[in-house]
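Student: Below you'll find the structure I mean.
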Amino acid sequence: LEAVFTQLRNAGLTLKGSKCKIGVSEVRYLGHVFSAKGIAPCPSKTAAVKSWPVPAD
Numbered sequence: 023l024e025a026v027f028t029q030l031r032n033a034g035l036t037l038k039g040s041k042c043k044i045g046v047s048e049v050r051y052l053g054h055v056f057s058a059k060g061i062a063p064c065p066s067k068t069a070a071v072k073s074w075p076v077p078a079d
């Protein structure tokens, strides 16, 4: 982790401790879920679409 923090500092980037998550299996950010499986939309964002009625045409 020290190497990561050093690279961030060298690039002029800062981290906010209250927003950092290290060692978690997934992260939710801007309506998406990032995990080892890939990126997917948050279920809470797709629930409304799933509840729409199926077109009858």
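Residue numbering for the sequence shown follows my numbering, beginning at 23 and increasing consecutively.
Using N, Cα and C, we set each Cβ at its ideal position, and we do this for glycine too.
These numbers were taken from a predicted model, which means no experiment stands behind them.
Quick one: Cα of G45 to Cα of L35, how far?
Tutor: Within the sequence shown, the letter at position 23 stands for residue 45. Within the sequence shown, the letter at position 13 stands for residue 35. Whole-angstrom Cα-Cα distance: 20 Å.
Student: To the nearest angstrom, report how far apart K67 and D79 are at their CA atoms.
Tutor: Position 45 of the sequence shown, counting from 1, holds the residue named residue 67. Position 57 of the sequence shown, counting from 1, holds the residue named residue 79. Taking the straight line from one Cα to the other gives about 26 Å.
Student: For F56, I'd like the list of residues in its chain whose CB is within less than 7 Å of its CB, leaving aside the five on either flank, ordered along the chain.
Tutor: The residue labelled residue 56 in the question sits at position 34 within the sequence shown. Within the same chain, F56 has close Cβ partners E48, V49.
Student: Distance, Cα to Cα, Y51 vs I61?
Tutor: The residue given as residue 51 occupies position 29 in the sequence shown. The residue given as residue 61 occupies position 39 in the sequence shown. When rounded, the distance between both Cα atoms is 10 Å.
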